[in-house]
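Since the structure comes first, as structure tokens, the remarks are kept for the end.
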Amino acid sequence: MGVISPAPLRWQQAELVELMRETPRVSTLSFNVMNWPGHLAGQHVDVRLTAEDGYEAERSYSIASPPEQRSVALTIERLDDGEVSPYLVGELKIGDKIELRGPIGGYFVWRAGDDRPLLLVAGGSGVVPLMAMLRHRATVSHKSPARLLLSSRTFDDIIYREELDRLVAANDGLSVFSTLTREKPSGWKGYTRRIDAEMVRDVAWPKAQTPAVFVCGPTPFVESAANLLVGFGYDPLWVKTERFGATGTPGG
Amino acid sequence: MTIAEMMLDGNAIGGLLREIFVAEMTDARGTCAYCGAVNPVGRLQVYVHAPGTVVRCPACEQVVMRIVRGGGRYWLDFSGTRTLELRET
């Protein structure tokens, strides 16, 4: 479990075994993959769909499940003009099979043995690989302190909202800070604006603590968050980023 | 949608690079042939909307890799990468 496998990366069949709606536009799909070698928190898979005429479309999706879990869970945002996500979120049924390959990635990964304070910054579905990290963290006894700053459009768009509340309630050193960019619900105690320098000052660990930092989301969000963190005094090399492109995921 | 908004990073070509190299490549460290900046592949700037994949140095934005796949072949131009250092497998 949890090795970066040097074996050749092969396309393999994955069977959908569980489907869960997270928000109106986002669902979690759990797959059974034969001979899955295990994965690290932060890694992704490539998914390939082949049409009857042979046309192929490939997309990358972050793994949401922690290394401790056997099945491979992908949390996917449905993009109405996408080629792949409207099929995965909406048409794929329990028992259906798709082709995927993975796990992929050795840079944007976090292991629970890392003692540094953890800072996670997510825009929208950028929270998916960071959730794998928090779920991984929840399974170990010795935990580094962790903070998540999550930017969502509206309250209903907050992915994993209830699970994040439960993780925070465990009172084990995790704090979650939420901001909404398109809505100010009454009674909302979080931020209601785009990520800015003041928010970073509130949330980020002091640089003297040399935190481990992961930023994930649409490219404009990641660019702005990473620049703010460097402006706050972080070494650019501490700030690991993963960009999804202009939309939720590359090409949808 | 601007070109800047379409930029991805080296994480996005982890699968493509594993078709070519045996090792996981996103944590391999590349040295830019133009400015000498050393970065893990995961930090490089990636554009996949051209006919091939274009990879640029995050420090000087020069092209450090071009990868084209088609007709059952790969074409690799790594002339912008002076060295690549990777984990032994």
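Those protein sequence lines, which keep their order, are chains L and E.
Sequential numbering from 1 applies to the first sequence in this note's numbering.
Sequential numbering from 1001 applies to the second sequence in this note's numbering.
Yeah, the Cβ is synthetic: ideal placement off N, Cα and C, and Gly gets one too.
Residue-chain proximity (residue i, chain L), Cβ-Cβ < 7 Å
{"i": "L1008 of chain E", "result": "yes"}
{"i": "R1073 of chain E", "result": "no"}
{"i": "P1051 of chain E", "result": "no"}
{"i": "G1036 of chain E", "result": "no"}
is_contact[residue i, chain E] using C-beta, thresh 7 Å
{"i": "R194 of chain L", "result": "no"}
{"i": "L49 of chain L", "result": "no"}
{"i": "R25 of chain L", "result": "no"}
{"i": "L229 of chain L", "result": "no"}
{"i": "R147 of chain L", "result": "no"}
{"i": "G82 of chain L", "result": "no"}
{"i": "R243 of chain L", "result": "yes"}
{"i": "I104 of chain L", "result": "yes"}
{"i": "L9 of chain L", "result": "yes"}
Host alpha helix (DSSP H) of residue i (start-end)
{"i": "Y87 of chain L", "result": "85-88"}
{"i": "F221 of chain L", "result": "219-231"}
{"i": "D202 of chain L", "result": "197-203"}
{"i": "E1019 of chain E", "result": "1014-1020"}
{"i": "P1058 of chain E", "result": "From DSSP, P1058 of chain E is part of no alpha helix (DSSP H); its letter is neither H nor E."}
Residues near residue i in its chain [Cβ-Cβ closer than 7 Å; skip 5 each side]
{"i": "D1009 of chain E", "result": "G1042, R1043, L1044, Q1045, V1046"}
{"i": "D115 of chain L", "result": "S144"}
Neighbourhood of residue i by C-beta, 8 Å cutoff - its chain only, sequence neighbours within 5 removed
{"i": "P129 of chain L", "result": "A41, G42, Q43, H44, S62, I63, A64, F108, F214, C216, E242"}
{"i": "W188 of chain L", "result": "F155, L180"}
Contact belief for residue i with residue j at Cβ below 8 Å, rounded distance in angstroms
{"i": "L229 of chain L", "j": "V200 of chain L", "result": "6 Å"}
{"i": "W205 of chain L", "j": "L119 of chain L", "result": "6 Å"}
{"i": "I159 of chain L", "j": "V26 of chain L", "result": "5 Å"}
{"i": "L9 of chain L", "j": "R101 of chain L", "result": "5 Å"}
{"i": "V84 of chain L", "j": "A57 of chain L", "result": "5 Å"}
{"i": "A1057 of chain E", "j": "A1037 of chain E", "result": "Note that residue 1057 of chain E is Cys in the sequence shown here, rather than Ala. Sure, about 6 Å apart at Cβ, within 8 Å."}
Span of the beta strand (DSSP E), counted from its first residue to its last, around residue i
{"i": "R1069 of chain E", "result": "1063-1070"}
{"i": "E15 of chain L", "result": "12-23"}
{"i": "R1110 of chain E", "result": "Because residue 1110 of chain E is not part of the residues shown, which for chain E are 1001 to 1089, the question remains open."}
beta-carbon residue i near the ligand NAP non-hydrogen atom, thresh 6 Å
{"i": "T139 of chain L", "result": "You won't find the ligand NAP in this model; it holds no ligand whatsoever."}
Neighbourhood of residue i by C-beta, 6 Å cutoff - its chain only, sequence neighbours within 5 removed
{"i": "D1077 of chain E", "result": "R1066"}
*asked:* If we require 3 or more residues per run, which beta strand (DSSP E) segments fall completely within the stretch 142-188 of chain L?
replied: The qualifying runs are 146-152, 174-180.
_Every unbroken alpha helix (DSSP H) within the stretch 41-114 of chain L, with a cutoff of 4 residues, ordered by chain_ = Under the rule that a run must span 4 or more residues, the alpha helix (DSSP H) segments found entirely inside the stretch 41-114 of chain L read 85-88.
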